[in-house]
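Okay, structure first, notes after.
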Amino acid sequence: MQNKYLFAFDLDGTLLKRNGTIDPLTQQALTYSEQKGHYNVLATGRGILKVKHLIKNKIIQNIHFAVCSNGSIIWDVNNDKINIYGKLSKEVYYKVRKYALEHELLLNFDTDVLNGTLVATKNQNQYPTWMTDDEKKRLKIFNRLKLEQCDDLSNLNSTNLLQMSLKSSTELWPIVTNKLKEELKDQAIVCLTNFNYTDINPIGISKYQGIKKLLGNLNLSKENLIAFGDSGNDCEMLRNSRFGFCMSNGTPEAKNIASEIIGDHESDTIGKKIFELINQTN
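Using UniProt numbering, the first residue of the sequence shown is number 1, and each one after it goes up by one.
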């Protein structure tokens with residue numbers, strides 16, 4: 001099955017433009033890919049409800065699977081089935097919570113039934129003090145959570161806490177990430193991503209490990225994998241793919257690993273590359 005492709009796409013900074021839409025030519029390419037018998041897969045740090053919103057509102061179409069929360073959960077789109085592969089402990093939650101409250105960070109809290117954001121501020125401010133006016137304008141919160149909600153959910157045995165992520169200022173970003181890496185080294189994977197986010201995932205979980213499960217289920221190998229990404233949590237799938245493409249707006253780490261650096265996420269570069277690869281095999 002050498003000519004069967006599984007196209008895997010990061011969302012933010014890759015498949016999606018800054019305004020949350022997909023380039024029209026790239027959408028045409030996804031449709032063409034499906035028509036030619038290939039697989040289109042989203043591989044994202046976003047929680048599953050945020051991804052379902054995109055697909056059910058037809059912001060992105062012709063998707064077969066979604067690897068969400070950096071691989072903690074996989075959604076079979078056509079059959080509307082999910083599989084959970086890892087979750088974080090209550091202890092991890094409270095350690096991350098401490099940093100969010102101390103530094104006024106945005107804490108994204110993802111389970112299989114709830115995706116939301118805790119905006120940790122002091123003095124009951126609407127926004128953290130480090131946020132610029134431009135960041136406030138661009139901030140889009142899917143579901144704003146209260147601290148009590150997060151605490152209550154984390155204490156329930158039935159809660160599948162699939163992922164957390166912290167958004168911080170440019171100055172705090174590497175500091176918080178490095179501190180959490182040390183504090184959670186035996187309990188979770190901590191990864192620096194783009195747009196000042198720090199992802200916290202269960203040990204053994206990653207986008208690529210989720211994709212690897214899909215490849216096995218579909219009787220494919222990494223020789224069939226074509227990956228597109230832009231930052232730290234994409235590096236493993238870029239490295240382990242037949243072709244790994246990094247966006248020109250990507251991080252230095254992702255660019256160094258990629259097979260090729262293509263245009264930025266505001267352009268039609270992904271669509272052009274999909275058409276090029278498929279037409280080479282016909």
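Positions of the beta carbon are idealized from the N, C-alpha and C atoms, including for glycine.
Locate the alpha helix (DSSP H) running through residue i, then write down its first and last residues.
i	result
I55	I48 to K56
Y208	K207 to N217
L30	P24 to Q35
K81	From DSSP, K81 is part of no alpha helix (DSSP H) but of the beta strand (DSSP E) over K81 to I84.
N256	P252 to I257
Taking residue i and residue j to be in contact with their CB atoms under 8 Å, please state how far apart those CB atoms are, rounded to whole angstroms.
i	j	result
D230	T14	5 Å
R242	L225	6 Å
V96	L166	7 Å
Beta strand (DSSP E) containing residue i: first to last residue?
i	result
Q280	First-last for Q280: T269 to T281, but that is the alpha helix (DSSP H), not the beta strand (DSSP E).
Y127	Neither: Y127 is in no beta strand (DSSP E) and is coded neither H nor E.
A227	L225 to G229
S154	From DSSP, S154 is part of no beta strand (DSSP E) but of the alpha helix (DSSP H) over L147 to S154.
Where residue i and residue j are concerned, what is the direct C-alpha to C-alpha distance, given to the nearest angstrom?
i	j	result
F109	G20	20 Å
E276	L88	40 Å
G116	N217	31 Å
L162	S169	24 Å
A100	L118	9 Å
R18	D76	26 Å
Within 10 angstroms of its Cβ, does residue i collect 16 or more other Cβ (buried), or is it exposed?
i	result
residue 356	Given that the chain is displayed from residue 1 to residue 282, the structure contains no residue 356 and the question cannot be resolved.
F16	For the sequence presented, residue 16 should be read as Leu rather than Phe. So L16 ends up on the buried side.
N3	exposed
Q209	buried
I274	buried
Y93	buried
E171	exposed
E91	exposed
Are there three or more Cβ pairs, one per stretch, closer than 8 Å when the segment 29 to 46 is compared with the segment 61 to 68? Flag = yes, the segment 29 to 46 and the segment 61 to 68 touch.
Check whether the segment 66 to 74 and the segment 171 to 186 touch, using three or more Cβ-Cβ pairs below 8 Å as the test. No: fewer than three Cβ pairs fall under 8 Å.
Touching by the beta-carbon criterion (3+ pairs, under 8 Å), the segment 191 to 198 and the segment 75 to 85: The segment 191 to 198 is not in contact with the segment 75 to 85.
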